[in-house]
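The structure appears below as structure tokens.
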Amino acid sequence: MVNDSVAQSLLTEDEREFQAVVRQFMDKHVKPIVRDMERAGRPPADLLKLMGDQGLLGCFAPEEYGGGGGSLMTRAIVAEETARVDAGLDATLFVNMSLIARHLIKRGTEEQKRKYLVPLIAGTSSASICLTEAHGGSDALSPKTTARLDGDEWVINGSKTFITNAPIADVFMVFARTSGESRRARGGTAFLVEKDTPGLSVGKPFDKLSLRSSPTAEVFFDNVRVSPAQVLGEVEEGFYYMLEGLDLERVFEGASNTGIAQACLELAVEYSSQREVFGEKLSSYQLTADKIARMATGVEMSRVMFYHLIRELERGEQVTRSSAIIKLYSSQVAVEASREVVQILGGYGLMEEYPAARLYRDAKHHEIGAGTSEIMKTIIARETYKAAGAGN
31 MVNDSVAQSL LTEDEREFQA VVRQFMDKHV KPIVRDMERA GRPPADLLKL MGDQGLLGCF
91 APEEYGGGGG SLMTRAIVAE ETARVDAGLD ATLFVNMSLI ARHLIKRGTE EQKRKYLVPL
151 IAGTSSASIC LTEAHGGSDA LSPKTTARLD GDEWVINGSK TFITNAPIAD VFMVFARTSG
211 ESRRARGGTA FLVEKDTPGL SVGKPFDKLS LRSSPTAEVF FDNVRVSPAQ VLGEVEEGFY
271 YMLEGLDLER VFEGASNTGI AQACLELAVE YSSQREVFGE KLSSYQLTAD KIARMATGVE
331 MSRVMFYHLI RELERGEQVT RSSAIIKLYS SQVAVEASRE VVQILGGYGL MEEYPAARLY
391 RDAKHHEIGA GTSEIMKTII ARETYKAAGA GN
């Protein structure tokens, strides 16, 4: 990472030191096993435990639950540095920590925090958030999964798809409609369902283009019975919780995308500085310099913006429009950087033994996952009209 980066001035000294520790950990413990993780289709349990032991998972979480009590920025640093080495591992941690752990910290009962949050922070368990359904991922307020009261228990029926961590999850955060009309935020409830609950089953892991070291599958609910103690937060408020977390999710997408683009830039610089073509270093050609300059510019702009937005989130500010912008822009930066690093490596860029091919595959995920680029453009336009006091 460039020392004179504008983004570095947005970190405290403690955060810069933490960043160096995380980067060293990723290079030492994760980089050598990335191909093994992709072949296995999941991260090894002992790696997650080691990350928990080193304080890298719950760095932002309250100390009373085993966390580090650090800033939200520390979690963003872990996200970027993890994605720089393996975006699949980053996806697994993103769900465990940025989504599930954050919801538990904010909405969980003391019992739920002790039972589910503590093991996530320790790296001894994983979790899934069950939102997307087969009929449409972007229409999150129209789930066909339902939950109804039967005596003193809730009965959940339905299915979810493209669920990150499903094959390794110990607990599932399930969004189901409990009342109200489709496409309305009121009437959704979030449930915490343990993996061994009768009626819950997980499908075969998907064979994916990208994020291959993070397992993804369908999850089915056939008369799954849970007690009121398994409700997260308040009944009927679950969709509000989901919508409330979207801005943060998109800002963290900026961290992940920046990590991927940074990896592309580092690989492109290393290879072009060594490769000779027609008696000259590849780096001496202007067309190569153009690619490097555009990659470096995109990385820096993405990093500065997502750092800035993390600070706004820490202050409790609303960043709906800006979070959509960083998600859209940073994913475009990552995709372009991955395309250019493959081009710079030439034939080697097409070989799976080199990281360029994986970076190319992984970058594309981020133009689709956590809200497609088309949805981001819709949000940006809507919020821009709103800010101008205009309708459309």
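All residue numbers in the sequence shown are consecutive under the numbering used here, ending with 422. Where is the CB? At the ideal position from N, CA and C, for every residue including glycine.
Here's the rule I'm using: 16 or more other beta-carbon atoms within 10 Å means buried, otherwise exposed. How should residue i be labelled?
| i | result |
| --- | --- |
| Thr191 | buried |
| Arg344 | A small fix is needed here, since residue 344 is Glu in this sequence, not Arg. So Glu344 counts as exposed. |
| Pro73 | buried |
| Arg132 | buried |
| Met381 | exposed |
| Ala364 | buried |
| Thr154 | exposed |
| Val204 | buried |
| Ala323 | exposed |
| Glu279 | buried |
| Arg214 | exposed |
| Gly58 | Checking the sequence shown, residue 58 turns out to be Lys, not Gly. Result: exposed. |
Please identify the residue among the options whose C-alpha is closest to the C-alpha of residue i.
| i | options | result |
| --- | --- | --- |
| Ile356 | Ile409, Leu273, Asp392 and Leu129 | Ile409 |
| Thr327 | Leu77, Ser172, Tyr359 and Ser352 | Tyr359 |
| Arg114 | Pro173, Ala164, Asp392 and Gln84 | Asp392 |
| Lys416 | Leu179, Thr350 and Arg388 | Thr350 |
| Ser35 | Ala364, Tyr337, Met406 and Gly376 | Tyr337 |
| Arg69 | Ile405, Cys294, Glu383 and Asp76 | Glu383 |
| Lys225 | Gly376, Lys238, Ile159 and Met67 | Ile159 |
| Ala196 | Gly233, Gly181 and Ser172 | Gly233 |
| Ser128 | Asp252, Glu370 and Arg105 | Arg105 |
| Thr24 | Pro228, Val201, Gln260 and Leu179 | Residue 24 falls outside the range modelled here, since the chain spans only 31 to 422, and no answer is possible. |
| Ser302 | Ala293, Gly309, Ser313 and Glu296 | Ser313 |
| Glu370 | Leu77, Gly401, Phe308 and Asp320 | Asp320 |
| Val51 | Glu111, Lys407, Ala411 and Asp237 | Glu111 |
| Pro235 | Pro62, Leu102, Gly71 and His395 | Gly71 |
| Ser39 | His395, Pro385, Asp237 and Glu330 | Glu330 |
| Glu397 | Gly377, Ser368, Val372 and Ala420 | Ser368 |
| Phe251 | Lys238, Val261, Ser231 and Val281 | Ser231 |
| Ser353 | Pro228, Phe282 and Ala75 | Phe282 |
Would residue i pass as a contact of residue j if the rule is Cβ separation under 8 Å?
| i | j | result |
| --- | --- | --- |
| Tyr146 | Ala220 | no |
| Ala206 | Thr175 | yes |
| Ala109 | Phe124 | yes |
| Val249 | Glu183 | no |
| Ala291 | Ser240 | no |
| Met325 | Leu295 | yes |
| Gly263 | Gly218 | no |
| Ser3 | Gly96 | The structure shown has nothing for residue 3, since the chain only spans 31 to 422. |
| Ala259 | Glu141 | yes |
| Pro92 | Gly99 | yes |
| Met103 | Ile340 | yes |
Just confirm the distance between the C-beta atoms of residue i and residue j, as a whole number of angstroms; I'd bet it's less than 8 Å.
| i | j | result |
| --- | --- | --- |
| Ile107 | Phe48 | 6 Å |
| Ala157 | Asn187 | Between Asn187 and Ala157 the Cβ distance is about 21 Å, and since that is not below 8 Å, they are no contact. |
| Asp116 | Val60 | 6 Å |
| Val30 | Val265 | The requested residue 30 does not occur in the structure, where the chain is confined to residues 31 to 422. |
| Ala484 | Gly379 | The structure shown does not extend to residue 484, since the chain spans only 31 to 422, so no value can be given for it. |
**Runs of alpha helix (DSSP H) lying entirely within the segment 93–167, each at least 4 residues, in chain order** = With a minimum length of 4 residues, the continuous alpha helix (DSSP H) runs that stay inside the segment 93–167 are 102–115, 117–123, 132–137 and 148–152.
**Request:** Run through the segment 330–378 for me and flag every whole alpha helix (DSSP H) of 4 or more residues, listed as ranges in chain order.
**Result:** Along the segment 330–378, the alpha helix (DSSP H) occurs as fully enclosed runs of 4 or more residues at 350–375, listed in sequence order.
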